[in-house]
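Quick note: the sequence shown uses the working numbering, first residue 334, plus one each step. For glycine and all other residues, C-beta sits at the position ideal for the given N, C-alpha and C. Read through the structure below, which is laid out as structure tokens, and then see the notes.
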Amino acid sequence: RITDDTDLREDSTESTQSSVYSTDGCGDLLTASSPHTNELKPLGDFRRTVSAIEFRRSPDNSTSDIPTSCVLRIEKKLFDYFNHKRLLNEWQGYLEDDREVHNFPCLRELSINFPPTYPWSENPDESESLMKTRAPAWCDRVLMNAQAIEMVKRDKFAKYDSFGKDVCMGDHKPVMLSFSMIP
């Protein structure tokens with residue numbers, strides 16, 4: 334569901350037209366060419382500015398708009414998941430969406446076996462909670478070239494982890510890599 338505060342813009346100027354919008358199945362936005370026809374034409378240079386997106390549960394596949402059905406709300410500086418504790422307990426499933434390291438094909442990383450390192454609450458009374466400002470992510474990493482990772486992997490006790498999980502340390506939890514170079 335896209336919230337009611339959406340508007341269409343052309344060259345950064347708000348459009349005041351009220352029309353029906355659809356897609357052509359390929360992701361291109363279409364608009365009715367006139368209010369009196371059903372003919373659709375490409376929307377062209379228009380772009381959509383969205384204030385927020387909500388993902389809702391739909392009971393019995395209905396289209397009801399029950400306020401408690403909101404599972405996730407995303408807007409500028411807001412990522413409001415209905416159950417942040419559950420997200421933290423089930424972070425392994427979220428890890429499969431972590432793709433940033435793939436942008437650096439010559440760098441490697443040990444397996445991540447710790448929850449997201451960002452954005453943690455900066456409130457000392459809520460040190461084990463996430464802020465609702467951004468989607469949780471592994472922003473703090475130890476990346477190595479192929480030669481370095483082979484050296485680290487020789488130590489069967491090498492440890493790659495975050496720390497300070499139960500202490501307020503700011504919005505990022507530090508990450509560490511510990512290994513021995515002595516055979």
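According to DSSP, is I482 part of a helix, a strand, or is it coil? In this structure, I482 counts as helix in the three-state DSSP scheme.
Sequence-distant residues of the same chain with beta carbon closer than 8 Å to N478, five excluded per side: The residues are C439, L440 and R441.
So if DSSP puts D494 in a beta bridge, which residue, or which two residues, is it bridged to? Beta-bridge partners assigned by DSSP to D494: M509.
Would you be able to state if there are at least three C-beta pairs under 8 Å between the region 446–462 and the region 485–503? As far as the Cβ criterion goes, the region 485–503 touches the region 446–462, which means the pair count is three or higher.
Thinking C-beta only, is E455 closer than 8 Å to G503? Yes. Within cutoff.
Please report the straight-line C-alpha distance between E408 and S511, rounded to a whole angstrom. Straight-line Cα distance between these residues: approximately 38 Å.
Three-state secondary structure assigned by DSSP to M502: In this structure, M502 counts as coil in the three-state DSSP scheme.
Which same chain residues, not among the five before or five after R389, have their C-beta less than 7 Å away from its C-beta? Cβ neighbours of R389 beyond the five flanking positions: R334, S402, C403 and V404.
Given that a residue counts as buried once 16 or more other Cβ atoms are within 10 Å of its Cβ, and exposed if not, what is I386? When all chains shown are included, I386 counts as exposed.
R390 (DSSP reduced to helix, strand or coil): Note: R390 maps to coil in three-state DSSP.
Which same chain residues, not among the five before or five after L420, have their C-beta less than 8 Å away from its C-beta? The residues are Y414, Y427, L463 and P469.
Just to confirm my understanding: we take T450, look at its own chain, exclude 5 residues before and 5 after, and list those with CB closer than 7 Å. What are they? For T450, where only same-chain residues beyond five positions count, the Cβ hits under 7 Å are W471, C472, D473, S495, H505, K506 and V508.
Nearest-angstrom Cα separation, counted from E483 out to F412: If you take the alpha carbons of F412 and E483, they lie about 38 Å apart.
Have a look at the DSSP bridge pairing and note the partners of F412. Per DSSP, the beta-bridge partners of F412 are I407.
Are the Cβ atoms of F437 and L476 separated by less than 8 Å? Result yes, Cβ atoms of F437 and L476 sit closer than 8 Å.
If you draw a straight line from the alpha carbon of A515 to that of K486, how long is it in whole angstroms? Ala is not the amino acid found at residue 515; the sequence shown has Ile there. Going by the C-alpha atoms only, they are around 12 Å apart.
Looking at C-alpha atoms only, which residue of D488, P457 and K465 is the closest neighbour of H417? Among D488, P457 and K465, the Cα nearest to that of H417 belongs to K465.
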